[in-house]
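A.B. asks: Those letters in the sequence shown? Residues 47 to 320, by our numbering.
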Amino acid sequence: MKVNLATETKNILKKYGLHLNKRLGQHYLIDDSKRQKILSYADLKDDDVILEIGPGIGTLTIPIASRVEKVIAIEKDKKVATILKERLKDYNNVELIIGDALKIDFPYFNKIVSNLPYKISSPITFKLLEYDFKFGILMYQREFAERMIAKPGTRDYSRLSVALYFMANIEILDYIPRSAFLPPPKVDSTLIRLTPREKINGTFERTCRALFQHKKKKARNALIESFHEISKEADPRKIVDLIDPGLLEKRVFTLTPEEILKISNELKKIIQCH
Numbered sequence: 047m048k049v050n051l052a053t054e055t056k057n058i059l060k061k062y063g064l065h066l067n068k069r070l071g072q073h074y075l076i077d078d079s080k081r082q083k084i085l086s087y088a089d090l091k092d093d094d095v096i097l098e099i100g101p102g103i104g105t106l107t108i109p110i111a112s113r114v115e116k117v118i119a120i121e122k123d124k125k126v127a128t129i130l131k132e133r134l135k136d137y138n139n140v141e142l143i144i145g146d147a148l149k150i151d152f153p154y155f156n157k158i159v160s161n162l163p164y165k166i167s168s169p170i171t172f173k174l175l176e177y178d179f180k181f182g183i184l185m186y187q188r189e190f191a192e193r194m195i196a197k198p199g200t201r202d203y204s205r206l207s208v209a210l211y212f213m214a215n216i217e218i219l220d221y222i223p224r225s226a227f228l229p230p231p232k233v234d235s236t237l238i239r240l241t242p243r244e245k246i247n248g249t250f251e252r253t254c255r256a257l258f259q260h261k262k263k264k265a266r267n268a269l270i271e272s273f274h275e276i277s278k279e280a281d282p283r284k285i286v287d288l289i290d291p292g293l294l295e296k297r298v299f300t301l302t303p304e305e306i307l308k309i310s311n312e313l314k315k316i317i318q319c320h
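1) Taking its Cβ as the centre, do 16 or more other Cβ atoms sit within 10 Å of Pro153, making it buried, or is it exposed?
2) Taking Cβ to Cβ, would you say Leu175 is nearer than 9 angstroms to Lys264?
3) Taking DSSP's pairing of strands, which residues face Met213 in a bridge?
4) Figure out for me which residue from Ala88, Leu51, Ile143 has the closest Cα to the Cα of Ser79.
5) Which value, in whole angstroms, describes the spacing of the CA atoms of Gly145 and Lys124?
6) Suppose the cutoff is 8 angstroms on Cβ atoms and the five residues either side in sequence are ignored; what does the same chain contact list for Glu141 look like?
7) Drop a sphere of 10 angstroms on the beta-carbon of Asp151, count the other beta-carbons inside from all chains shown, and report buried for 16 or more, exposed for fewer.
8) When DSSP builds the beta bridges, which residues end up paired with Ser160?
9) DSSP puts Glu141 in a beta bridge; with which residues?
10) Please return the same chain residues whose Cβ sits closer than 7 angstroms to the Cβ of Asn156, not counting the five positions on each side in sequence.
11) Considering only DSSP beta bridges, list what Arg239 is partnered with.
12) Can you give the Cα-Cα distance for Ser225 and Ile76, rounded to whole angstroms?
13) Rank Thr253, Leu184, Ile170, Leu228 by C-alpha distance to the C-alpha of Thr53 and give the top, closest one.
14) Helix, strand or coil: how does DSSP classify Arg113 here?
15) Quick check on this structure: which residue in Ala127, Lys91, Arg113 has the alpha carbon closest to the alpha carbon of Pro101?
16) Quick one: what does DSSP say Glu98 is sitting in, helix, strand or coil?
17) In whole angstroms, what separates the C-alpha of Thr200 from that of Phe299?
18) Would Ile84 and Ile183 qualify as a contact pair, given that the criterion is a beta-carbon distance under 9 angstroms?
19) So Phe250 is in the alpha helix (DSSP H); what residue range does that whole segment cover?
20) As a quick exercise: from Phe212, Lys56, Ser160, pick the residue whose alpha carbon is nearest that of Glu98.
21) Who does Ile222 pair with in a DSSP beta bridge?
22) Can you grab the Cα-Cα spacing for the pair Lys262 / Arg243, in whole Å?
23) So does Glu251 have its beta carbon nearer than 8 angstroms to some heavy atom of the ligand NAD?
24) Any idea if His73 is buried or exposed, counting beta-carbon neighbours within 10 angstroms, 16 or more meaning buried?
25) So for Phe227, helix, strand or coil by DSSP?
26) For Tyr186, is the classification buried or exposed, using 16 other Cβ atoms within 10 angstroms of its Cβ as the cut-off for buried?
27) In the DSSP output, which residue or residues are listed as bridge partners for Arg193?
Listed below in structure tokens is the structure:
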């Protein structure tokens, strides 16, 4: 008789005496219908090389490995990695890397399928987008996913929303309740498809950072107050006075991504001329 995913997970944890650490974001998926949805959205092919960050005990790793050419699984917790290695003994197409995904270079991959550790959602997303890949099927905290796609003028609109507007196409695929995990987290989750678009330049990134440190202020004041994020050489007021005044009068959280890009491009040209 086939054991359901929740029972299987509890049995593995009991067998190895593993106590999950909520502080480290260790919440394992135990809803098999949600697991099957994730696998379906991944559209797994024989020649796929899948990157998985935070594989845990292999809830996704094992069914993925049976369908693709290779899986690269990166697990930070050494004890969990030992259990996963034992569970993967019949699979010779999984490269298990024990380490911090934020600190290591990723080998080649063409898709990502991960229930990401929520504590590193922002830095790991930007790191992933430095690489070229087809798409990722990724799980995030619901509040974070809503910030990823937030529109100008809304409460959730942020530097993250603006950067990702240019860098990726983001599609919400499913909402995952807390009850789908063991132990249940304090937040709901969202499954998204992340498809890379284009890289952003350094001036744009620094301009976003400067502006959104003061998101409720007018763009002029925000830029002057945090101009050190953009340039430590130029005189902030002299530079900012040369930018389109119509844009500078707007409050930061109402600027569209295109308007922020325009400010960034103007700044880049002006600074280069000084």
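Every residue gets a Cβ at the ideal spot worked out from N, C-alpha and C, and that includes glycine. Note that this is a predicted model, so its numbers are computed, not measured.
C.D. replies: Considering the structure as presented:
1) Looking at its Cβ environment, which holds fewer than 16 other Cβ atoms inside 10 Å, Pro153 is exposed.
2) Cβ atoms of Leu175 and Lys264: not closer than 9 angstroms.
3) DSSP lists no partner for Met213.
4) Cα-wise, what sits closest to Ser79 is Leu51.
5) Within the model, the alpha-carbon separation for Gly145 versus Lys124 is close to 8 angstroms.
6) Cβ neighbours of Glu141 beyond the five flanking positions: Lys116, Val117, Ile118, Ala119, Pro153.
7) Label assigned to Asp151: exposed.
8) Answer by DSSP bridge pairing, in chain order: Leu184.
9) DSSP output for Glu141 lists Ile118 as bridge partner(s).
10) Closer than 7 angstroms at Cβ, skipping near neighbours: Asp94, Val95, Phe179, Lys180.
11) DSSP links Arg239 through a beta bridge to Ile183, Glu217.
12) Each residue's alpha carbon lies about 8 angstroms from the other.
13) Residue Leu228 is the option with its Cα nearest to Thr53.
14) Reduced to three states, the DSSP call for Arg113 is coil.
15) Here the closest residue by C-alpha is Ala127.
16) The answer is strand: DSSP assigns Glu98 an E or B state.
17) Put simply, the backbone Cα of Thr200 is about 7 angstroms away from that of Phe299.
18) Yes, they are a contact pair.
19) Element bounds for Phe250: 248-258.
20) Measuring from the Cα of Glu98, the nearest candidate turns out to be Ser160.
21) Looking at the DSSP assignment, Ile222 forms a beta bridge with Ser235.
22) For Lys262 and Arg243, the distance between alpha carbons rounds to 29 angstroms.
23) Judged by which ligands are present, the structure shown has none, so any question about the ligand NAD falls away.
24) By the neighbour-count criterion, in which 16 or more other beta carbons inside 10 Å mark a residue as buried, His73 falls on the buried side.
25) Strand, per DSSP.
26) So Tyr186 ends up on the buried side.
27) According to DSSP, residue pairing for Arg193 in a beta bridge does not occur.
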